[in-house]
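Visitor: Under our numbering, residues 1 to 151 are what the sequence shown spells out, in order.
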Amino acid sequence: MSNETMPAFVMVEDTAVTHVFPVSDRPGRWTSGQLPVIYAACSAAAAMLEHRAHLESTPVNQLKLIEARVPSGSLHVIEVAEDLLWRERPYRAEVQALGDAWLATGNTLAAQVPSALCPCEHNLLLNPRHPLFTRISYLAAHRFRMDQRLG
1 MSNETMPAFV
11 MVEDTAVTHV
21 FPVSDRPGRW
31 TSGQLPVIYA
41 ACSAAAAMLE
51 HRAHLESTPV
61 NQLKLIEARV
71 PSGSLHVIEV
81 AEDLLWRERP
91 YRAEVQALGD
101 AWLATGNTLA
111 AQVPSALCPC
121 EHNLLLNPRH
131 PLFTRISYLA
141 AHRFRMDQRL
151 G
């Protein structure tokens, strides 16, 4: 297996979090919530954009940007046709089925998916049940304050 890694970032509101990505069992764009998954971004800016897009209340000032490196030798790329309307909300079952199928196989640690917010960015789905999950290197938990202009 390759020792190469790729960056992964997650913005979290919990100031107690240090160097761990939060696992979700809630439905998202790419998964139905039947299996645990971690949604991460491939860049710090994309993580901030994703966090901002999913805020349901006033932005919090106590944020942390978790930075990690993920083994890149265990990556599956999920490609989606535009006719699936995968950017739509509410989330579409046929799009969630793509991520669910990837998770169910358990073949790779990560799946790369396109960002619905920025066509030049990608996000990662991470499988916390994959054997390589323990090989994720957590580098930092940067204190982060959302710029008021984004409020």
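Even glycine gets a Cβ: it sits at the ideal position worked out from N, Cα and C.
(1) Which term fits residue 98, buried or exposed, when burial requires 16 or more other beta carbons within 10 angstroms of its beta carbon?
(2) Measuring only the C-alpha atoms, how far is residue 132 from residue 10?
(3) Assuming residue 70 and residue 103 form a contact by the criterion Cβ under 8 Å, report the distance between their Cβ atoms to the nearest whole angstrom.
(4) From what residue to what residue does the beta strand (DSSP E) around residue 6 run?
(5) Given a threshold of 16 other Cβ atoms within 10 Å of its Cβ, counted over all protein chains shown, does residue 51 qualify as buried or as exposed?
(6) By Cβ distance, which residues of its chain are closer than 6 Å to residue 72, with the 5 residues on each side in sequence left out?
(7) For the alpha helix (DSSP H) containing residue 94, name the first residue and the last one.
(8) Take every Cβ of the region 72-92, pair it with every Cβ of the region 137-150, and state whether three or more of those distances are shorter than 8 Å.
(9) For the alpha helix (DSSP H) containing residue 26, list its first residue and its last residue.
(10) Give the single residue among 148, 146, 138, 147 whose Cα lies nearest to the Cα of residue 20.
(11) How is the alpha helix (DSSP H) around residue 53 delimited, first residue to last?
(12) Which term fits residue 120, buried or exposed, when burial requires 16 or more other beta carbons within 10 angstroms of its beta carbon?
(13) Output yes or no for whether 8 Å exceeds the beta carbon distance between residue 83 and residue 32.
Guide: Quick answer:
(1) buried
(2) 19 Å
(3) With a Cβ gap of about 16 Å, residue 70 and residue 103 do not count as contacting.
(4) 5-12
(5) buried
(6) 4, 5, 6
(7) 93-105
(8) no
(9) It is not in any alpha helix (DSSP H) - residue 26 carries neither H nor E in the DSSP assignment.
(10) 138
(11) 44-53
(12) exposed
(13) no
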